[in-house]
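Sequential numbering from 1 applies to the first sequence in the UniProt record's numbering. Even for Gly, the Cβ is constructed at its ideal location relative to N, Cα and C. All values derive from a computational prediction rather than experimental measurement.
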Amino acid sequence: MKKSDISAFFAILQAANPHPRTELEYSSHFELLTAVLLSAQATDVGVNKATRKLFPVANTPRAILDLGQEGLEGYIQTIGLYRSKARHLLQTCRILLEQYGGEVPATREALEALPGVGRKTANVVLNVAFGQPTMAVDTHIFRVGNRTGLAPGATPLAVEQGLLKRIPKEYLQHAHHWLILLGRYVCQARKPRCWECSVAAYCDFKPKTEQT
DNA sequence: ATCCCGAGGG
DNA sequence: CCCTCTGGAT
Numbered sequence: 001m002k003k004s005d006i007s008a009f010f011a012i013l014q015a016a017n018p019h020p021r022t023e024l025e026y027s028s029h030f031e032l033l034t035a036v037l038l039s040a041q042a043t044d045v046g047v048n049k050a051t052r053k054l055f056p057v058a059n060t061p062r063a064i065l066d067l068g069q070e071g072l073e074g075y076i077q078t079i080g081l082y083r084s085k086a087r088h089l090l091q092t093c094r095i096l097l098e099q100y101g102g103e104v105p106a107t108r109e110a111l112e113a114l115p116g117v118g119r120k121t122a123n124v125v126l127n128v129a130f131g132q133p134t135m136a137v138d139t140h141i142f143r144v145g146n147r148t149g150l151a152p153g154a155t156p157l158a159v160e161q162g163l164l165k166r167i168p169k170e171y172l173q174h175a176h177h178w179l180i181l182l183g184r185y186v187c188q189a190r191k192p193r194c195w196e197c198s199v200a201a202y203c204d205f206k207p208k209t210e211q212t
């Protein structure tokens, strides 16, 4: 994709959705961290369904710890990978209490040191909670970056670095959510809905058979 | 490279 | 049935 096309690409996404927001439901930094940790290889619809029951009962590190492994599993059993997520979240809560006074740390280094928090999750928290222009490359952004030609790459890190380099600064803050939403609702994994895509004119991917 | 691992869609 | 979903740890 040409450089001038990248500006046009994001101008269109911005015009359609000036203030994009995560679809995960949360009301504090800790709830956000918890929701993002639970969202690995899971839909945010499924995560919200679980956290709507969990957060009213426990939305602090102390309260989550008090649930224990079994208690916490009971709330998140409908989410994939729930045993590891329960274990990681409990360990993370312990660290938050012991090292950060129960608060969510605001640096990449501290976030990635938490069990269950890798580069992608840290990037989401840094972007959404702390307003940093990070690019969390999840399954959607990895696919969209490659398919569109926006930032082709063999690994999520390569795509992340390509996007950070190529996206104009004024769009970086919200680019994460625009690309997520594009991938989720239009540039879908199995059947991309190119016929109703607002940025198809600037995209390298051209489907062979047109559909309705 | 492999494991974890339920829900929803096609 | 198979694929996908805002991955991370071993």
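The DSSP-derived three-state label of residue 133 is coil. Counted as a single uninterrupted DSSP element, the stretch harbouring residue 195 is not any alpha helix (DSSP H), since DSSP gives it neither H nor E. Annotation: residue 203 is outside any alpha helix (DSSP H) and is labelled neither H nor E by DSSP.
By the neighbour-count criterion, in which a residue is buried when 16 or more other Cβ atoms sit within 10 angstroms of its Cβ, residue 57 is exposed. Contact check for residue 54 against residue 75 passes: the beta carbons are separated by less than 8 angstroms. The stretch 22-33 and the stretch 44-51 touch, with three or more beta-carbon pairs separated by less than 8 angstroms.
The shortest CA-to-CA distance from residue 70 to any of 59, 84, 60 is the one to 84.
Cβ contact annotation for residue 136 (same chain, cutoff 7 angstroms, sequence separation greater than five): 120, 123, 124, 127, 176, in chain order.
Within the stretch 6-53, the complete alpha helix (DSSP H) segments of 4 residues or longer fall at 29-38, listed in chain order. When only Cα atoms are considered, residue 183 and residue 199 end up about 12 angstroms apart.
A check of alpha carbon separations from residue 103 across 59, 50, 66 identifies 59 as the nearest. Under the three-state reduction of DSSP, residue 57 is assigned to helix. Shortest Cα-Cα distance from residue 80 to any of 114, 107, 27, 40 involves 40. Collapsing the DSSP output to three states places residue 149 in coil. A direct Cα-to-Cα measurement between residue 97 and residue 118 gives close to 20 angstroms.
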